[in-house]
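Visitor:
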Amino acid sequence: MNKKNTDEKRADLRFHSENGIAYSYFNKAEQYVGIAKDVSRDGMFFLSSRQLKPGTVVCIQPLDCKTAALPWKYGRSHRLANDLCTATSSSASTRKFFANMVTAEVKRCQVVEETTTWRYGVGVNFLRPTV
88 MNKKNTDEKR ADLRFHSENG IAYSYFNKAE QYVGIAKDVS RDGMFFLSSR
138 QLKPGTVVCI QPLDCKTAAL PWKYGRSHRL ANDLCTATSS SASTRKFFAN
188 MVTAEVKRCQ VVEETTTWRY GVGVNFLRPT V
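Just so we're on the same page, the working numbering is the position in the sequence shown counted from 1, plus 87.
Take a look at the structure:
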């Protein structure tokens, strides 16, 4: 479902999503888990348990619940990934807007809930390759 908020000046339509994502700092192996809440042609907003500084470059990909071994073996990310994979109710219509790995720059990160699980809302702009 697409939505455009008339109170906000947005260049692109946003598409609602409830997809689990895996993200990592650029050129780092450790991955973390989040929930994509909306996706547009140029960016994404997702929930995270980690605070990310504006200007940070991250690699984001859909959370693949079908792999035998998730990239994280223990700890908080492992538990969050397992919870998301067992509770996934994403439909094909929301998944189609985010199917590949993307590289993005964090533009904003703010506290959205006073919980420890999905405390931060992170807005990113996708980075485009230059030729």
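Every residue gets a Cβ at the ideal spot worked out from N, C-alpha and C, and that includes glycine.
Predicted model only: the values in this text are computed from it and were never measured.
Quick one: give me the first and last residue of the beta strand (DSSP E) that residue 134 is part of.
Guide: Segment 130 to 135, the beta strand (DSSP E) holding residue 134.
Visitor: What does DSSP give as the partner residues of residue 216 in its beta bridges?
Guide: Answer is none; residue 216 lacks a bridge partner.
Visitor: Mind checking which residues open and close the beta strand (DSSP E) that includes residue 195?
Guide: Where residue 195 is concerned, the enclosing beta strand (DSSP E) stretches over 189 to 198.
Visitor: Looking only at DSSP bridge pairs, what is residue 138 linked to?
Guide: Paired residue(s): none; residue 138 is not in a bridge.
Visitor: If you reduce the DSSP assignment to three classes, tell me which class residue 99 lands in.
Guide: Looking at residue 99 - three-state DSSP - the assignment turns out to be coil, as it is neither helix nor strand.
Visitor: Could you tell me the boundaries of the beta strand (DSSP E) in which residue 151 lies?
Guide: First-last for residue 151: undefined, no H or E at that position.
Visitor: In terms of residues, what are the limits of the beta strand (DSSP E) holding residue 123?
Guide: Its beta strand (DSSP E) spans residues 118 to 126.
Visitor: Apart from the five residues on each side of it in sequence, which residues of its chain come closer than 7 Å, Cβ to Cβ, to residue 180?
Guide: Residue confidence for residue 180 is low, a pLDDT of 43 falling below 50, so the modelled location carries little weight and cannot support an answer.
Visitor: Kindly identify the DSSP beta-bridge partner or partners of residue 104.
Guide: DSSP output for residue 104 lists no bridge partner at all.
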